[in-house]
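Following: one structure in structure tokens, then a few remarks.
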Amino acid sequence: MLKLIISYIVGLVFGVGIMISGMANPAKVLNFFDIAGTWDPSLAFVMGGALAITVFGYRFVLKQPAPRLADTFHLPTRQDVDLPLVAGSAVFGIGWGIAGFCPGGAIPALGTGRVEVFVFIAALLAGILTAKALRRRNRAAAAV
Amino acid sequence: METSFTPLLSLGGGLLIGLAAVLSMAFLGRIMGATGILAGFLAPSDLSDWSWRAAMIAGMVSGPLVVTLFTGTAPDIAVPVTTPMLLIGGFLVGIGVTFGGGCTSGHGVCGMARVSPRSIVATAIFMIACFATVYVVRHMVGL
Chain A
485 MLKLIISYIV
495 GLVFGVGIMI
505 SGMANPAKVL
515 NFFDIAGTWD
525 PSLAFVMGGA
535 LAITVFGYRF
545 VLKQPAPRLA
555 DTFHLPTRQD
565 VDLPLVAGSA
575 VFGIGWGIAG
585 FCPGGAIPAL
595 GTGRVEVFVF
605 IAALLAGILT
615 AKALRRRNRA
625 AAAV
Chain B
61 METSFTPLLS
71 LGGGLLIGLA
81 AVLSMAFLGR
91 IMGATGILAG
101 FLAPSDLSDW
111 SWRAAMIAGM
121 VSGPLVVTLF
131 TGTAPDIAVP
141 VTTPMLLIGG
151 FLVGIGVTFG
161 GGCTSGHGVC
171 GMARVSPRSI
181 VATAIFMIAC
191 FATVYVVRHM
201 VGL
């Protein structure tokens, strides 16, 4: 139960941060990327603030033997840069530039009840499930 | 559509996002990445793996309500794109973050903070792709 309460609080802190930062507001997100037009550099401060806390916080936390409520730290171990990483990130950037929402911006924005957010999330989920199905098929083909 | 420059609010929001990332690692041992949380929520390994993800997503969705309670006004959201753009963009984001293994929160904040080579490459690519896309959409296509 404690793990669920902490998870909720972590999500809430993230959600409040996203909402006040402007990351859930496509007008602001797209303006950050529109240097040639109605440029709004605000979002650089989001990334700066988040990184400042995380760089120092992780340095302290990852020195602990284990997380408080779990057995181990689940850290990605891969170091190689491969085609799915490069192509996937490029496709993500293109989609972000078209819609103005990223996943971490859109999930908290669901709480506003705005229909545009639900439209985006529905398409996002369709994309995730399609990509998973494609990946399964590629793996199955590679295994034959 | 013009938006006003909000360095303090954006910095404050960024600090909270960072705090959430640190708390997630300290208590749950988990990267605070929206893509990873969502992927595991859709295909959990067991019930306890699903339940903490569901609780975290519920917390995220409560964000706007809590902001409204504290400030007295609903968070400002303007969507200057059409429904087809939301659908196409959303679908591409879903494909891209799944193959790319993360998005702005997972690669851009958590991975960059760990100086992960994969995250640094991913973040550079999706930022450049987004700058280029916005330029094409707004200044060449004229939407």
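One line per chain: the protein sequences are A and B, in this order. So for the first sequence, the working numbering puts the first residue at 485; every next one is plus one. So for the second sequence, the working numbering puts the first residue at 61; every next one is plus one. C-beta atoms are modelled at their ideal positions from N, C-alpha and C, and glycine is treated no differently. No experiment lies behind these values; they were computed from the predicted model shown.
Mind reading off the beta-carbon distance from residue i to residue j? Whole number of angstroms is fine, and I expect it under 8 Å.
{"i": "methionine 120 of chain B", "j": "glycine 589 of chain A", "result": "That belief does not hold up - the Cβ atoms of methionine 120 of chain B and glycine 589 of chain A are roughly 10 Å apart, past 8 Å."}
{"i": "threonine 183 of chain B", "j": "histidine 167 of chain B", "result": "5 Å"}
{"i": "threonine 538 of chain A", "j": "valine 82 of chain B", "result": "6 Å"}
{"i": "aspartate 136 of chain B", "j": "asparagine 509 of chain A", "result": "6 Å"}
{"i": "leucine 75 of chain B", "j": "glycine 533 of chain A", "result": "4 Å"}
{"i": "valine 545 of chain A", "j": "methionine 172 of chain B", "result": "Valine 545 of chain A to methionine 172 of chain B, Cβ: 16 Å. No contact."}
{"i": "alanine 550 of chain A", "j": "methionine 61 of chain B", "result": "Not quite, the Cβ-Cβ distance comes to about 48 Å (not below 8 Å), so this is no contact."}
Return the first residue and the last residue of the alpha helix (DSSP H) that residue i is part of.
{"i": "methionine 485 of chain A", "result": "No alpha helix (DSSP H) contains methionine 485 of chain A, which DSSP labels as neither H nor E."}
{"i": "leucine 608 of chain A", "result": "599-627"}
{"i": "serine 193 of chain B", "result": "Contrary to the premise, residue 193 of chain B reads as threonine rather than serine in this sequence. Element bounds for threonine 193 of chain B: 177-195."}
{"i": "asparagine 509 of chain A", "result": "Here asparagine 509 of chain A belongs to no alpha helix (DSSP H), and DSSP marks it neither H nor E."}
{"i": "aspartate 524 of chain A", "result": "Aspartate 524 of chain A -> no alpha helix (DSSP H), and no H or E assigned at all."}
{"i": "phenylalanine 101 of chain B", "result": "94-102"}
{"i": "leucine 147 of chain B", "result": "143-160"}
{"i": "arginine 198 of chain B", "result": "Run containing arginine 198 of chain B: none; DSSP gives neither H nor E here."}
{"i": "threonine 164 of chain B", "result": "Per DSSP, threonine 164 of chain B belongs to no alpha helix (DSSP H) and is neither H nor E."}
{"i": "serine 108 of chain B", "result": "107-121"}
{"i": "serine 64 of chain B", "result": "No alpha helix (DSSP H) contains serine 64 of chain B, which DSSP labels as neither H nor E."}
{"i": "isoleucine 91 of chain B", "result": "Where isoleucine 91 of chain B is concerned, there is no enclosing alpha helix (DSSP H), given that its DSSP letter is neither H nor E."}
{"i": "proline 568 of chain A", "result": "567-583"}
{"i": "glycine 588 of chain A", "result": "587-593"}
Within 10 angstroms of the Cβ of residue i, are there 16 or more other Cβ atoms? Answer buried if so, exposed if not.
{"i": "glycine 73 of chain B", "result": "buried"}
{"i": "leucine 223 of chain B", "result": "Nothing about residue 223 of chain B can be reported from this structure: the residues present for chain B run from 61 to 203 only."}
{"i": "phenylalanine 517 of chain A", "result": "buried"}
{"i": "proline 592 of chain A", "result": "buried"}
{"i": "threonine 143 of chain B", "result": "exposed"}
{"i": "glycine 547 of chain A", "result": "It should be noted that the sequence gives lysine, not glycine, for residue 547 of chain A. Looking at its Cβ environment, which holds fewer than 16 other Cβ atoms inside 10 Å, lysine 547 of chain A is exposed."}
{"i": "valine 513 of chain A", "result": "buried"}
{"i": "arginine 90 of chain B", "result": "buried"}
{"i": "glycine 202 of chain B", "result": "exposed"}
{"i": "glycine 132 of chain B", "result": "exposed"}
{"i": "arginine 621 of chain A", "result": "exposed"}
{"i": "arginine 623 of chain A", "result": "exposed"}
{"i": "arginine 619 of chain A", "result": "exposed"}
{"i": "arginine 562 of chain A", "result": "exposed"}
{"i": "phenylalanine 597 of chain A", "result": "The sequence given here has glycine at residue 597 of chain A, not phenylalanine. When all chains shown are included, glycine 597 of chain A counts as exposed."}
{"i": "serine 631 of chain A", "result": "Missing from the structure shown is residue 631 of chain A; chain A here goes from 485 to 628 and no further."}
{"i": "proline 177 of chain B", "result": "exposed"}
Is the closest heavy atom of the ligand ZN to the C-beta of residue i under 7 Å?
{"i": "tryptophan 112 of chain B", "result": "This structure does not include the ligand ZN; it has no bound ligands of any sort."}
Counting Cβ pairs closer than 8 Å, one from the region 128-144 of chain B and one from the region 541-556 of chain A, do we hit at least three? no
Three Cβ pairs or more, each shorter than 8 Å: is that satisfied between the region 495-507 of chain A and the region 606-620 of chain A? no
Sufficient close CB pairs (3 or more, under 8 Å) joining the region 91-98 of chain B to the region 513-530 of chain A: no
Does the region 570-585 of chain A come close enough to the region 99-117 of chain B that 3 or more CB-CB pairs lie under 8 Å? no
Can you find at least 3 beta carbon pairs, one from the region 150-168 of chain B and one from the region 62-72 of chain B, that sit closer than 8 Å? no
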